[in-house]
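For the sequence shown, my numbering assigns the number 25 to the initial residue and increments by one for each residue that follows. Just so it is clear, CB atoms sit at the ideal spot from N, CA and C, and this is done for glycine as well. All of these numbers come straight from a predicted model, not from anything done at the bench. Contents: one structure, followed by commentary.
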Amino acid sequence: MEQQIRFPVEDLVLEGLISLPEPGARIGIVLCHPHPLYGGEMHNNVVEAMAVSMQRAGHATLRFNFRGVGGSSGAHGEGVAEIEDVKAAVTCLLQRQAFETIVVAGYSFGSMVGLRAGADDTRVDKLIGVALPIATRDVSFLKTVAKPTLLVSGDRDQHSPVSELEALCAGLTGPTQLVVVAGADHFFRSREIDVADAALRFIDG
């Protein structure tokens, strides 16, 4: 069961939905939504599918709206200021319970922000990037990331071409997995469960 929460970042307040299944849960997951300027928010179909799947597996989750989205204060920060939003979400989750493993997972814009934030945060153990927009964004920062990382893409996703992801993975130093969802484009309509299943296998592995 998710509960509505609000938590601070700098001088702003963000809204989110948190699920703490049981006191003994070992894994906590922060979920980051797609681009706010294109309708992205925490109720996005892919983010919600991942949240539901992870909760059913007994994991704690926190999905939230980036600054300037929904009931979160502030304004869009071009993917830079939002890095602090992710770190604040990790803090919020850890303040409620001490977890053995913290995972940051993001979709599209959320994958760029989440991966950047999680890569530098020593509290974060695993990273998940769904539909990483490698065709239009600089992802070279990943080359120095040593944390276990999962990338998920549809084989029809023009923003996250599989060939470019394969080349990226070949050059990474950390343990990286790439899962390709056949027949899926950038939006994963009717294929959300494939993304959620891949994420859950990685988290529990």
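Note on geometry: alpha-carbon atoms of D162 and R213 lie some 26 Å from one another. Taking the C-beta atoms as reference points, I53 is found nearer than 9 Å to I126. One Cα belongs to T200, the other to L156, and the distance between them is close to 14 Å. With a cut-off of 8 Å on Cβ pairs, the stretch 87-104 is not in contact with the stretch 163-172, counting fewer than three such pairs. Excluding five sequence positions before and after N68, the CB atoms of its chain that fall closer than 7 Å to its own CB belong to H57, P58, Y131, given in chain order. Excluding sequence positions up to five before and after V37, its CB lies within less than 6 Å of the CB of R30, S97, all in the same chain and listed in chain order. A159 places its beta carbon 9 Å or farther from that of S135. Between V70 and I107 a beta carbon distance of about 20 Å is seen, past the 8 Å cut, so the two are scored as non-contacting.
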